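Step one of this worksheet: look at the structure below.
Residue numbers (this note's numbering): 218 to 279.
Shown next as structure tokens:
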């Protein structure tokens, strides 16, 4: 998931809209408060927004 709006993100959203126009159900997954999420809403593509925590907790092996 990306917070930017570049070629890959636009192509993914265009493909989602293409699928939707042909009657297939879909849910686009994205980050909240991003240009991509706003564009998905503008294009009426169903979107599930997920908040992602940054970083991983990896305990050291003893």
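Heads up, the beta-carbon is just placed ideally off N, CA and C, and yes, glycines get one too. None of the values given here were measured: they were computed from a predicted structure.
By the neighbour-count criterion, in which 16 or more other beta carbons inside 10 Å mark a residue as buried, residue 259 falls on the exposed side.
In the displayed model, residue 223 falls within coil according to three-state DSSP, outside both helix and strand. In the displayed model, residue 253 falls within a helix according to three-state DSSP. Inter-residue distance for residue 227 and residue 270 is about 24 Å (C-alpha atoms, whole angstroms).
For residue 240, no beta strand (DSSP E) encloses it, and the DSSP letter there is neither H nor E.
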